[in-house]
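Chains as they are written, first to last, in the working numbering: chain Z, 94 to 398; chain D, 94 to 398.
Idealized CB from N, CA, C, for every residue including glycine.
Single-structure report; data block below.
Number of protein chains: 2
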Amino acid sequence: MRVSEERAEHIRAVAKRLNYRVNAVARNLRKSKTQTIGVLFENLKGLADGPLYTTHLLDGVASVLFHRGYRLTLLAGIDHNDIIGSLGDGQLDGVIWCKLARDEETVALIHKSPIPIVAINAAAPSYGSDAVYVTCDNTGGIELAVDHLWNLGHRRFSFLYESEEVNTPDCVDRRDAFQKEVVTRAGKTAIVECSWKLEGIVDQLSATECTAVICWTERLAGLLLEKLRDAKIEVPSQLSVIGFDSTQFCETTTPRLTAVRQPIREMAAFAAETLLNLVAGEKSDQHSKVFPCTLDVRNSTAPAA
Amino acid sequence: MRVSEERAEHIRAVAKRLNYRVNAVARNLRKSKTQTIGVLFENLKGLADGPLYTTHLLDGVASVLFHRGYRLTLLAGIDHNDIIGSLGDGQLDGVIWCKLARDEETVALIHKSPIPIVAINAAAPSYGSDAVYVTCDNTGGIELAVDHLWNLGHRRFSFLYESEEVNTPDCVDRRDAFQKEVVTRAGKTAIVECSWKLEGIVDQLSATECTAVICWTERLAGLLLEKLRDAKIEVPSQLSVIGFDSTQFCETTTPRLTAVRQPIREMAAFAAETLLNLVAGEKSDQHSKVFPCTLDVRNSTAPAA
DNA sequence: CTGAAAGCGCTTACAG
DNA sequence: CTGAAAGCGCTTACAG
Numbered sequence: 094m095r096v097s098e099e100r101a102e103h104i105r106a107v108a109k110r111l112n113y114r115v116n117a118v119a120r121n122l123r124k125s126k127t128q129t130i131g132v133l134f135e136n137l138k139g140l141a142d143g144p145l146y147t148t149h150l151l152d153g154v155a156s157v158l159f160h161r162g163y164r165l166t167l168l169a170g171i172d173h174n175d176i177i178g179s180l181g182d183g184q185l186d187g188v189i190w191c192k193l194a195r196d197e198e199t200v201a202l203i204h205k206s207p208i209p210i211v212a213i214n215a216a217a218p219s220y221g222s223d224a225v226y227v228t229c230d231n232t233g234g235i236e237l238a239v240d241h242l243w244n245l246g247h248r249r250f251s252f253l254y255e256s257e258e259v260n261t262p263d264c265v266d267r268r269d270a271f272q273k274e275v276v277t278r279a280g281k282t283a284i285v286e287c288s289w290k291l292e293g294i295v296d297q298l299s300a301t302e303c304t305a306v307i308c309w310t311e312r313l314a315g316l317l318l319e320k321l322r323d324a325k326i327e328v329p330s331q332l333s334v335i336g337f338d339s340t341q342f343c344e345t346t347t348p349r350l351t352a353v354r355q356p357i358r359e360m361a362a363f364a365a366e367t368l369l370n371l372v373a374g375e376k377s378d379q380h381s382k383v384f385p386c387t388l389d390v391r392n393s394t395a396p397a398a
Numbered sequence: 094m095r096v097s098e099e100r101a102e103h104i105r106a107v108a109k110r111l112n113y114r115v116n117a118v119a120r121n122l123r124k125s126k127t128q129t130i131g132v133l134f135e136n137l138k139g140l141a142d143g144p145l146y147t148t149h150l151l152d153g154v155a156s157v158l159f160h161r162g163y164r165l166t167l168l169a170g171i172d173h174n175d176i177i178g179s180l181g182d183g184q185l186d187g188v189i190w191c192k193l194a195r196d197e198e199t200v201a202l203i204h205k206s207p208i209p210i211v212a213i214n215a216a217a218p219s220y221g222s223d224a225v226y227v228t229c230d231n232t233g234g235i236e237l238a239v240d241h242l243w244n245l246g247h248r249r250f251s252f253l254y255e256s257e258e259v260n261t262p263d264c265v266d267r268r269d270a271f272q273k274e275v276v277t278r279a280g281k282t283a284i285v286e287c288s289w290k291l292e293g294i295v296d297q298l299s300a301t302e303c304t305a306v307i308c309w310t311e312r313l314a315g316l317l318l319e320k321l322r323d324a325k326i327e328v329p330s331q332l333s334v335i336g337f338d339s340t341q342f343c344e345t346t347t348p349r350l351t352a353v354r355q356p357i358r359e360m361a362a363f364a365a366e367t368l369l370n371l372v373a374g375e376k377s378d379q380h381s382k383v384f385p386c387t388l389d390v391r392n393s394t395a396p397a398a
């Protein structure tokens, strides 16, 4: 309060009469803050066709940001070469970066970012990074899935992902965890990398002689169920299928999909809280946070034939 | 090009060396444009818990905006008294306003908006408004639903909505269309306005002696199915239920929900295109646009008992 | 307690 | 063809 209340009241009255609004863009320029957080999807294929996962993620982020008076900007289709440039254009106070890659080149880029970054669904790279990483326990999730199948008598397993996702961090983590877990138990394993849209998948799978398939996402599992139906392979009696995420989508597949659940909304909300603290200048005490997974058993898994 | 190519090249090189980025906030201030569109939900209850409808809407808007180089900001939880103020803070070039009310007070507010507004899921008010209105053919949708039930032998119908939605524009339109359509055919009708979460709904419904219920959204229909299951009323053998929207949600209910489909993603994309044209200064040739509905028959409707 | 100036980083119109 | 100034609408630090 630098002005007498009387005068202030008068100014307020005039402002109201003239319909005055403070211009937030000018304020943002002056303060070098925008009260706006970006959510970056490197390849958002459409919110509605894409995994429901994305919706839960946005929901978690939005719940925190709106509560704290921040705005949320959706970022997608940004030129990959210029992501940092886009982040540094002054319009965002921070960014939540989905499935942030962790190759050295990207980590070097992150280092140059003028705004804080929280990665979601990516474990921290071993060689350090300036971002904070929020992820689920992919290893634990895979163990739950394998254990469930093992107890049903399965001994030959496949892990499935599409070739274009070969570098997606949580895909890599799930694949590696699968490899390790299954080799330990059964001595051998099959990793099936398939072309986009699972072309030729049925032949690839039968070559592995597996009785159970773990797909790295529920979306992919749903696609697989369709291919298997076309090929007249019965799920779960001939083949058990497990997915990852366990959103409502798993209720819409035929049969309903057994899936590992990650608490995506909680993860997203945590990421948002953490980011706002970083924006406020607090140093994050933890560099990475891992949320546990659970397993939702539905109808796509059964005892091995 | 105001500078020789040689000099320009030199400047580019220096800019790159210094890691120069143009500051978009300063540019926005100078140009009074931000290349950002807002999507306003007056009461977004959560993206993930809420109707899938919202996701499709965002998807449709985002597909157009990203393609045209615009950013998308999510607006929710804005103080209702100050919505126009928030819109006029300079941060948005235009806004897509979900379920925009059409009372005279709101229309007067719209008139004061410094940025163009496109309303979605609201028909244009009869007394004129500065916004462009994009909606689906609620009347036609209701007719499809009633006709379907009529052909199944139903003669006593109820229409259901929650009291807090009494002023939501598409709720009103569906209710009025229902009233008109059913009175014409059957001579009488029942409109059931229920408290939130459908408390006491079963008694209310049985008092109407109806054999079929049309719910104004699929979300509400899903809730009703749960209440009916608890009360041991079988759907569809004892009571037929129809919802509105027909997203993937209808596949997850038990039984699967028969629903009127509105092409929400197309409507949202159209709204975004229209808004960008308005932002570019083109006058919209149409003041309102209506998309037709269709009916997806699933398992929640059957011949009248 | 109050007023006037400087400056955030751009773009545009003007002068040379 | 190029440079320098004005101004977008704020906030902050300074002077009175």
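Looking only at R110(D), N214(D), V239(D) and T129(D), the smallest Cα-Cα distance to A117(D) is reached by T129(D). Under the 7 Å criterion on CB atoms, N121(Z) is classed as interfacial with respect to chain D. If you compare the alpha carbons of G162(Z), Q184(Z) and H160(Z) with that of A119(D), the shortest gap goes to Q184(Z). Listed by position along chain D, the residues whose Cβ is nearer than 7 Å to that of H149(Z) are A141. Here the C-alpha atom of F337(Z) lies approximately 48 Å from the C-alpha atom of R114(Z).
Taking a C-beta distance under 7 Å as the contact criterion, V334(Z) and A314(Z) qualify as a contact pair. By the Cβ-count criterion, N121(Z) is buried, with 16 or more other Cβ atoms from all chains shown falling within 10 Å of its own Cβ.
F159(Z) places its beta carbon less than 7 Å from that of A169(D). Taking a Cβ-Cβ threshold of 8 Å, the residues of chain D close to G178(Z) are R114, in chain order. Residue contact check for R268(Z) against chain D: no CB pair falls below 7 Å. A distance of 7 Å or more separates the beta carbons of I208(D) and S222(D). Straight across, the Cα-Cα distance linking D269(D) with W309(D) is about 11 Å. In the DSSP assignment, D240(D) falls within the alpha helix (DSSP H) that extends over N231 to N244. Out of E258(Z), E257(Z), F134(Z) and V239(Z), the CA that lies nearest to the CA of R249(Z) is found in V239(Z).
Boundaries of the alpha helix (DSSP H) harbouring G178(Z): I176 to L180, taken from the DSSP string. Within its own chain, the residues whose Cβ lies closer than 6 Å to the Cβ of K126(Z), once the five positions on either side in sequence are excluded, are D186, listed in chain order. What E344(D) touches in chain Z, judged by beta-carbon distance under 7 Å, is T345, going in chain order. Across the structure, S288(D) and I210(Z) are spaced so that their CA atoms are roughly 44 Å apart. Interface annotation for the segment 181-213 of chain Z against chain D: G181, D182, G183, Q184, K205 and P207, criterion Cβ-Cβ distance under 9 Å. Under DSSP, K382(D) shares a beta bridge with V227(D).
Beyond the five residues adjoining it in sequence on each side, H247(D) comes within less than 7 Å, by CB distance, of T304, A305, S333 and A397 in the same chain, given in chain order.
Under the three-state reduction of DSSP output, C303(Z) falls in the coil class, being neither helix nor strand. The segment 347-354 of chain D and the segment 384-392 of chain D touch, with three or more beta-carbon pairs separated by less than 8 Å.
A Cβ-Cβ separation of about 20 Å leaves V157(Z) out of contact with H380(Z) under the 8 Å criterion.
With contacts defined as CB atoms closer than 7 Å, Q272(Z) and T282(Z) qualify as a contacting pair.
In the structure shown, V328(D) adopts coil according to DSSP, grouped into three states. For R164(Z), the enclosing beta strand (DSSP E) has its first and last residue at R164 to A169.
The beta carbons of T228(D) and A216(D) sit closer together than 7 Å. Here the C-alpha atom of V107(D) lies approximately 19 Å from the C-alpha atom of S179(Z). Burial is judged here by how many other beta carbons sit within 10 angstroms of a residue's own beta carbon; D172(Z) has fewer than 16 and is exposed.
When only Cα atoms are considered, K320(D) and G153(Z) end up about 28 Å apart. Taken in chain order, the members of the segment 163-177 of chain D whose beta-carbon sits within less than 8 Å of a beta-carbon on chain Z are R164, L165, T166, L167, L168, A169 and G170.
The shortest C-alpha to C-alpha distance from K290(Z) to any of L133(Z), D266(Z), E257(Z) and A362(Z) is the one to E257(Z). For A364(D), no Cβ of chain Z is located within less than 7 Å of the residue's own Cβ. At a cut-off of 7 Å, the C-beta of V118(Z) has a neighbouring C-beta in chain D. Under the 10 Å beta carbon count, Y220(D) is surrounded by fewer than 16 other beta carbons and is classified as exposed.
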